[in-house]
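Enquirer:
Chains as they are written, first to last, in our numbering: chain A, 35 to 436; chain B, 31 to 264; chain C, 52 to 478.
1) Would you list, in sequence order, the uninterrupted alpha helix (DSSP H) runs of no fewer than 4 residues that lie entirely inside the segment 95 to 145 of chain B?
2) Got a sec: which bits of the segment 379 to 406 of chain A sit with their beta carbon under 8 Å from any beta carbon on chain C, in order along the chain?
3) Using the Cβ count rule (16 or more neighbours within 10 Å means buried), how would you classify residue 184 of chain C?
4) Which whole-angstrom value describes the C-beta separation of residue 125 of chain B and residue 359 of chain A, a residue pair presumed to lie in contact below a C-beta threshold of 8 Å?
5) What three-state label does DSSP hand residue 27 of chain A in the structure shown?
6) Taking beta-carbon pairs under 7 Å, can you tell me which members of the segment 55 to 67 of chain A lie near chain C?
7) Closer than 7 Å by beta-carbon distance: list the chain B residues that pair up with residue 342 of chain A, in chain order.
8) Have a look at the DSSP bridge pairing and note the partners of residue 260 of chain C.
9) Just the Cα atoms here: how many angstroms apart are residue 349 of chain A and residue 428 of chain A?
10) Name, please, each residue of chain A whose Cβ falls closer than 7 Å to the Cβ of residue 88 of chain B.
11) Taking residue 81 of chain B as the reference, give the member of B:53, B:46, B:49, B:117 with the closest Cα.
12) Can you pull the chain A neighbours of residue 254 of chain C, defined as C-beta to C-beta under 7 Å?
13) Suppose only complete runs of 3+ residues qualify. What are the beta strand (DSSP E) ranges in the segment 289 to 322 of chain A, listed by chain order?
14) Work out the CA separation of residue 139 of chain A and residue 7 of chain A for me, nearest whole Å.
15) From residue 245 of chain B to residue 98 of chain B, what does the alpha carbon distance come to, in whole angstroms?
16) Go through its chain and collect everything with a Cβ distance to residue 402 of chain A's Cβ below 8 Å, but skip five positions before and after it.
17) If you measure between the beta carbons of residue 156 of chain A and residue 94 of chain A, is that distance less than 8 Å?
18) Within the 8 Å Cβ cut-off, does residue 128 of chain C reach chain A?
19) May I have the straight-line CA-CA distance separating residue 320 of chain A from residue 72 of chain A, to the nearest angstrom?
20) Enumerate in chain order the residues of its own chain whose CB-to-CB distance from residue 298 of chain C is below 6 Å, with the five nearest sequence positions on each side excluded.
21) State the start and end residues of the unbroken beta strand (DSSP E) segment that holds residue 161 of chain C.
22) Can you find the residues in the same chain that come closer than 6 Å, C-beta to C-beta, to residue 278 of chain C, ignoring five residues on each side of it along the sequence?
23) For residue 91 of chain B, which residues of its own chain have a beta-carbon under 7 Å away from its beta-carbon, when the five flanking residues on both sides are left out?
24) Short of 6 Å in beta carbon distance, which residues of its chain neighbour residue 200 of chain A, apart from the five on each side in sequence? Order them along the chain.
25) Within the same chain, show all residues whose beta-carbon is closer than 8 Å to that of residue 435 of chain A, passing over the 5 residues directly before and after it, in chain order.
26) Residue 247 of chain A by DSSP, collapsed to three states: which one?
27) Just by C-beta distance, which residues in the segment 76 to 103 of chain A are closer than 8 Å to chain C?
28) To which residues of the same chain is residue 49 of chain B closer than 7 Å at the C-beta, ignoring the five residues directly before and after it?
29) Starting from residue 54 of chain B, follow its DSSP beta bridges and name the residues at the other end.
30) My guess is that residue 421 of chain C and residue 451 of chain C are in contact by the Cβ rule of under 8 Å, so how many angstroms apart are they, rounded?
31) How is the beta strand (DSSP E) around residue 199 of chain A delimited, first residue to last?
32) So, is the C-beta of residue 184 of chain A closer than 8 Å to a C-beta in chain C?
33) Quick check on the burial criterion: 16 or more other C-beta atoms within 10 angstroms. Buried or exposed for residue 215 of chain B?
34) Relative to the C-alpha of residue 335 of chain A, which residue among A:160, A:135, A:423 is closest?
35) Is there contact between the segment 243 to 259 of chain A and the segment 171 to 180 of chain A, where contact requires at least three CB pairs shorter than 8 Å?
36) By the DSSP assignment, the beta strand (DSSP E) with residue 166 of chain B in it spans what residues?
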């Protein structure tokens, strides 16, 4: 029995929505536009720390990892560290080994690193020529200062000399001839290698005074296994996350000593929180406007149906029943418009993300029920005032026009 | 006296300065067919509002089926209207997005329980069984009015109350509708019709004429009852 | 009569027209706010990015960065070349002086403390001065080290603050120095005692140094009036091809290009102008800051542009939707006009004029509400006013006109198709 009533109710509500298609389109459009902008903006809002956080990585490494005490960092430690931080959080992780070498009998420092990772870490380096790579290890990059001092240009060659790992350099002895001195230099404990300039590094900072080469080549040259003096990491994380990460590293890999680069982490937090606040405010403003727009649409929709409502009342409908029908329509409109809006909104956020950041965006599953629920509430709330007003309609108006 | 379905005792309705109804006394027996006539502004609409439980008189009492409705509030008026009155309007007032049978079912829905087969029966009675699945826009004016009559009858009201039911119909459809009233009358339905069409007014058993809120004439037409219609049918 | 009808509609149909006006106000205010924020966001974010510190350093042309790397600070001749403290304030006199937000001269020194060598940093911790132009100036290293975590208080400009120092956290913990302690520094036979006013945490190599007033280091190092480099933080425009070309060699530009470049706040243009006022100075962008700033700025601006465009489309649709809804709502009354013998075009003109007039009123109000919204956003997020861009008026006006027109079209088409009888007989 009650079933019959429910079926009739559904028939009336759905009949109203389906057979009044043109009006339905207007209302659904209003709701869907609102839901689209809202869910799009919320998606962007949640994704800003992630997306823009990646952009902030263009400032370079934000976590410097030093060995504790005199120990050096081995390849095994490096891979443990990589697993600990997690690949998806890591923009770049470059180990550095510093070695003093002589060029034209003057001391310089050569830094061996994973060049591909260093490039990811330091997008702000300006390279005249191009980045070196591990397949041609004898082609290296020199800092701008060194290039100036040694008067090196692209594709020029120079020779580095040095003492192998664990050996002592013998001082030049006065009593030896130059020839003997040269022989001593090429002896077993020493190394020398001819290198080509593939790129010249300008940064406006200390990097301009280094030579950068592949770390494996440097290890081989100095006759030692892999050992890094420092690891530079560029991690997608805010200050608090980096803090947690640092203490986890200290606990799980005690031979390492992580140090967050305060300058970058603090500043990133400040700027990111401002930008997030900006999008939040914009979202709130849009939400208010959306609500009002849905409200006006519902008012127009209901005002249009005064006569029909009066008729139903003349037929003996109680206010409660008529209201429940109108609100039922509101709920259905909210569901349809909200669902439509969620997907359009995701598309909106995706387009923004692709255009701005060149990356896809994370879809927040939770947004589907939330957006739909929010818009059911907005639609119903927007209907309540006009519906209540309509309840005052006198059934007698159906009698002779208006 | 027990067959009195409606009694108006000294009923007045006053809007500010205007006396729309002045001291009306009227009683209608069950099974009567009454038409109310009169020029514009004579108080016809006010009267139908009061009889149809959509308004209450300023003074006087209205006894409908033994209940005084003159002092009821709007929600109990709604309940009484639902149970005792079947309304037919000049402009049909079908819900445009519901089919003919659904429009009939709406009245059931608000009254008690929608029952599609019962609604179909009602449509069959007015000769519209094959049009039951059509939307109002697909029906002619006469057909729409017949759907309204089916809707008005579906809850077996005590009184069928028509407000210019033929006002928007051509002659042919008017004939069909009046014919239908006649059949209903023969089945014992009480019919009260407000009209200013003398031909429709003349087919009733009894005719009252309003002017300036007063009944100025009350004519028993039992003798000629039905004749006018027969004449027209020719 | 036509005018009379419009006026009557506007006055009598107040509630319906108010609804259209209200929607227009909302849409216009959103677009106005977003466009103003969008146009201002570059400048605002640029200022926010100043927390990363200096994006330009100025050194003596013969001084080399390499000294930093080897720790061979003296004797090699490289660091004997200094800039002059008296030149520093001239920075504000360059063409883009207004864009120079903060700057501070730095003199690096060293001294013996508890029998070991410590590095000293002499600077203007805080500088208040009145320029020749009458402009007040507040700057100093404090503004360039926003990320420092300070225990105690920053050094300041006042005379009573002389002989105070700030100590790096690493150095302080090694030597167990606390705020309020006194330390004694010796160099070249000169010994001075200083009060520790603060311990700072830089998270970088400053943590092992002592930060002092410039004059104190000049005195200890016997280098009166000298500074080793100047840190400059300037608002810059992200580089483009022209800027990159100019950065290689400004002389390679054509006169027109040079003019454009010189008058745009590219980092290379600002560096070029700094070199014109600082004797023997070479200004170089700190690429880590300068380059990344450009990236972030471009991304943020693009983000705001897209959000603005999409929100504007959204509000345009909403307005046009509502106009349609409310005109259709009035179909009854307009159908009556038709029954009275009005031509379709007369009704269309009537509807359009009404809607346009309402839209105009709504637009004007909406514009000012939107400016209010923009200022709320500016104050809340950036703590400063957002400059009002005049071009927004034009853009919004054109969009509004088109939107109102577009919104009226479906409604008018609906009215044209309407048969007067249908309307009057209450379909």
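Heads up, the beta-carbon is just placed ideally off N, CA and C, and yes, glycines get one too.
Expert: The relevant details are as follows:
1) 104 to 114, 130 to 141
2) 382, 385, 386, 389, 390, 391
3) Here residue 184 of chain C refers to the residue found at position 133 when the third chain is read from its first residue. Classification for residue 184 of chain C: exposed.
4) Residue numbering aside, residue 125 of chain B sits at position 95 when the second chain is read from its first letter. Residue numbering aside, residue 359 of chain A sits at position 325 when the first chain is read from its first letter. At roughly 11 Å, the Cβ-Cβ gap does not stay under 8 Å, so residue 125 of chain B and residue 359 of chain A are not in contact.
5) The first residue shown for chain A is 35 and the last is 436, placing residue 27 of chain A beyond what the model contains.
6) 60, 63, 64, 67
7) In the first chain, the residue the question calls residue 342 of chain A occupies position 308. Correct list: 125.
8) For this step, residue 260 of chain C is matched to residue 209 along the third chain. Answer by DSSP bridge pairing, in chain order: C:170.
9) Position 315 of the first chain, counting from 1, holds the residue named residue 349 of chain A. Position 394 of the first chain, counting from 1, holds the residue named residue 428 of chain A. Taking the straight line joining both Cα atoms gives about 12 Å.
10) Counted from its first residue, the second chain places residue 88 of chain B at position 58. Those within 7 Å of residue 88 of chain B in chain A number zero; the least Cβ separation is about 16 Å.
11) On the second chain, position 51 is the one that residue 81 of chain B refers to. Ranking B:53, B:46, B:49, B:117 by Cα distance to residue 81 of chain B puts B:117 first.
12) Within the third chain, numbered from 1, the residue matching residue 254 of chain C stands at position 203. Correct list: 293, 294, 295, 296, 297.
13) 290 to 294
14) Missing from the structure shown is residue 7 of chain A; chain A here goes from 35 to 436 and no further.
15) In the second chain, counting from the first residue as 1, residue 245 of chain B sits at position 215. In the second chain, counting from the first residue as 1, residue 98 of chain B sits at position 68. Roughly 21 Å separates the two Cα atoms.
16) As a working mapping, residue 402 of chain A is identified with position 368 in the first chain. The answer, listed in chain order, is 373, 376.
17) Start at 1 with the first residue of the first chain, and residue 156 of chain A comes out as number 122. Start at 1 with the first residue of the first chain, and residue 94 of chain A comes out as number 60. Cβ distance < 8 Å, so residue 156 of chain A and residue 94 of chain A count as in contact.
18) Taking the first residue of the third chain as 1, we reach residue 128 of chain C at position 77. Confidence at residue 128 of chain C is low in this model, with a pLDDT of 40, below 50, so its placement is unreliable and the value that follows should be read with caution. So, not an interface residue.
19) Position 286 of the first chain, counted from the first residue, corresponds to residue 320 of chain A. Position 38 of the first chain, counted from the first residue, corresponds to residue 72 of chain A. The straight-line gap from Cα to Cα measures roughly 7 Å.
20) Residue 298 of chain C sits at position 247 when you count from the first residue of the third chain. Closer than 6 Å at Cβ, skipping near neighbours: 319.
21) Walking along the third chain from the start, residue 161 of chain C turns up at place 110. From DSSP, the beta strand (DSSP E) with residue 161 of chain C extends over 151 to 164.
22) Mapped onto the third chain, residue 278 of chain C falls at position 227. 134, 136, 156, 158, listed in sequence order.
23) Along the second chain, one-based indexing puts residue 91 of chain B at 61. For residue 91 of chain B, where only same-chain residues beyond five positions count, the Cβ hits under 7 Å are 39, 98, 100.
24) As a working note, residue 200 of chain A is residue 166 in the first chain. No residues qualify anywhere along the chain.
25) Here the question's residue 435 of chain A lines up with position 401 in the first chain. Because residue 435 of chain A carries a pLDDT of 45, less than 50, the predicted location of this residue cannot be relied on, and the following value inherits that uncertainty. Result list for residue 435 of chain A: empty, nothing under 8 Å.
26) Within the first chain, numbered from 1, the residue matching residue 247 of chain A stands at position 213. Of the three classes helix, strand and coil, the one that applies to residue 247 of chain A here is strand, per DSSP.
27) 78, 86, 89, 90, 92, 93, 94
28) On the second chain, residue 49 of chain B is found 19 positions in, with the first residue counted as 1. If we look at residue 49 of chain B and ignore the five residues flanking it on each side, its Cβ neighbours are 42, 243.
29) To locate residue 54 of chain B, count along the second chain from 1; it is residue 24. Note: residue 54 of chain B sits in a beta bridge opposite B:41.
30) Working through the third chain from its first residue, we reach residue 421 of chain C at position 370. Working through the third chain from its first residue, we reach residue 451 of chain C at position 400. Their Cβ separation, rounded to whole angstroms, is 12 Å, which puts residue 421 of chain C and residue 451 of chain C out of contact at 8 Å.
31) For the purposes of this step, residue 199 of chain A is taken as the residue at position 165 of the first chain. It is not in any beta strand (DSSP E) - residue 199 of chain A carries neither H nor E in the DSSP assignment.
32) Locating residue 184 of chain A in the first chain gives position 150, counting from the first residue. So no, residue 184 of chain A is outside the interface.
33) On the second chain, residue 215 of chain B is found 185 positions in, with the first residue counted as 1. Burial call: buried.
34) The residue given as residue 335 of chain A occupies position 301 in the first chain. The shortest C-alpha separation from residue 335 of chain A is found at A:423.
35) yes
36) By one-based count along the second chain, residue 166 of chain B stands at place 136. First-last for residue 166 of chain B: undefined, no H or E at that position.
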